[in-house]
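This report concerns only the one structure given below.
2 protein chains.
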Amino acid sequence: MITKKAEYAILILAELAAHPDDTVLTSREIATRRSIPANLVIQLMPLLHESGWTTGTRGPGGGIKLAINPASITLREVIEKVDGTIGITRCLFSNQPCGNKSHCSLRDIWIKAQTNMLSVFEEASIKELARAMARDN
Amino acid sequence: MITKKAEYAILILAELAAHPDDTVLTSREIATRRSIPANLVIQLMPLLHESGWTTGTRGPGGGIKLAINPASITLREVIEKVDGTIGITRCLFSNQPCGNKSHCSLRDIWIKAQTNMLSVFEEASIKELARAMARDN
DNA sequence: ATATAATATAACCAATTAAGTTATATATGA
DNA sequence: TCATATATAACTTAATTGGTTATATTATAT
Chain A
5 MITKKAEYAI LILAELAAHP DDTVLTSREI ATRRSIPANL VIQLMPLLHE
55 SGWTTGTRGP GGGIKLAINP ASITLREVIE KVDGTIGITR CLFSNQPCGN
105 KSHCSLRDIW IKAQTNMLSV FEEASIKELA RAMARDN
Chain B
5 MITKKAEYAI LILAELAAHP DDTVLTSREI ATRRSIPANL VIQLMPLLHE
55 SGWTTGTRGP GGGIKLAINP ASITLREVIE KVDGTIGITR CLFSNQPCGN
105 KSHCSLRDIW IKAQTNMLSV FEEASIKELA RAMARDN
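Residue numbers (the working numbering), protein chains in the order written: chain A, 5 to 141; chain B, 5 to 141.
Now the structure itself:
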């Protein structure tokens, strides 16, 4: 399952992407505007910084801003950064087919299904999402 | 996440489908041949019976056999029977977009990704799987 | 300088889910 | 009627999820 934290990370980035370049928002602003628990925004920021997507400035007047073009951030990257390796089945967390078989047709199906799912996340960028969400109502 | 139980249910049906029509196997035989905890096979059988996929005969010489053509059982049906409604995200367990928006573009992405995944399970039948697994090694 | 606004990090907790075990009831064929 | 088999429920155990709490650190406006 894709966790709430991954969803929150996506929303944080989308909120930043919804403003003009170099707009600085405080974590509290982001939390309020996107209905995310404030502490979780604070908790997630180091991950987003680590990936080079955002930078933070401390002190009064400080806040968070995007560090790169949100068109180059895919949902897949964000989800994997927050949730770790994705696996729709326990089987896929291992690199090996289970048991003593060298090949498993059921595993092939898991892989195909997961690949199909991931392709959607790979083709969706934060920028597109932010644009689409701006039209939501 | 698709659970082990769903996977076990698929393997039970695949094991039955790997034998000639009307072959009766005991739950213990199935458990041994597919490396499934014996108690779980027993636990899963009522679900499979309920769906009309299998029937069981008690007593000595009894066992389990397929009740319908395994080509007409899709992996999606089996997974949903065992795990209940599938949702790759908490959001998708609700019928409504969250918050007070009537539309949510992020939800659209979750739905699209999940649909892509499910289509693989919908196109895969127990019969095909059993045939493919027979060739595994 | 110092108070304050902000991020950074770690530790903790409650609820849920997953996986499997245990126990018991019920049916049936030899 | 006994052995074999399915049917059903209750119960552990461990991991995960979603979130809270607490504390440290940094930087700037005054």
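Even glycine gets a Cβ: it sits at the ideal position worked out from N, Cα and C.
None of the values given here were measured: they were computed from a predicted structure.
Check the DSSP bridge columns for residue i and list the partner residues they point to.
i, result
"THR165(B)", "The structure shown does not extend to residue 165(B), since chain B is modelled only from 5 through 141, so no value can be given for it."
"LEU17(A)", "Looking at the DSSP assignment, LEU17(A) forms no beta bridge with any residue, so it has no partner."
"LEU29(B)", "ILE68(B)"
Nearest-angstrom Cα distance between residue i and residue j?
i, j, result
"VAL28(A)", "PRO74(A)", "15 Å"
"THR119(B)", "TYR12(A)", "22 Å"
"SER31(A)", "ARG111(A)", "42 Å"
"THR36(A)", "SER123(B)", "37 Å"
"VAL45(A)", "LEU96(B)", "22 Å"
"GLU89(B)", "ALA128(B)", "With the sequence shown as reference, residue 89(B) is identified as Thr, and Glu is not the correct amino acid for it. If you take the alpha carbons of THR89(B) and ALA128(B), they lie about 18 Å apart."
"SER98(B)", "ILE92(B)", "12 Å"
"GLU33(A)", "PRO24(A)", "16 Å"
"VAL86(B)", "ASP26(A)", "49 Å"
"LEU79(B)", "ILE6(B)", "11 Å"
"ALA134(B)", "LYS116(B)", "29 Å"
"ARG94(B)", "SER39(B)", "32 Å"
"PRO41(B)", "ILE83(B)", "18 Å"
"MET137(A)", "GLN47(A)", "24 Å"
"LYS8(B)", "ILE14(B)", "10 Å"
"GLU126(B)", "ARG62(A)", "51 Å"
"SER106(A)", "SER76(A)", "38 Å"
"ARG139(B)", "GLU54(B)", "30 Å"
Grab the span of the alpha helix (DSSP H) containing residue i for me, first residue to last.
i, result
"ILE200(A)", "The question about residue 200(A) has no answer, for chain A in this structure spans 5 to 141."
"ILE6(B)", "Premise fails: ILE6(B) is in no alpha helix (DSSP H) and is neither H nor E."
"LYS131(B)", "130 to 138"
"ILE40(B)", "Counting along the chain, ILE40(B) falls outside any alpha helix (DSSP H), and DSSP gives it neither H nor E."
Near-chain B residues of the region 95 to 111 of chain A - C-beta to any C-beta below 8 Å: CYS95, GLY103, LYS105, SER106, HIS107, CYS108, SER109, LEU110
Short of 7 Å Cβ to Cβ, which residues in the region 28 to 46 of chain A face chain B? SER39
Runs of alpha helix (DSSP H) wholly within the region 47 to 87 of chain A (minimum 4 residues, chain order): 79 to 87
Which residues, in order along the region 124 to 136 of chain A, keep a beta-carbon less than 7 Å from a beta-carbon of chain B? VAL124, PHE125, ALA128, LEU133, ALA136
May I ask you to list, following chain order, the residues of the region 71 to 85 of chain B that have a beta carbon less than 8 Å from some beta carbon of chain A? LEU79
Which residues, in chain order, does the region 8 to 25 of chain B contribute to contact with chain A at a C-beta distance below 9 Å? LYS8, ALA10, GLU11, ILE14, LEU15, ALA18
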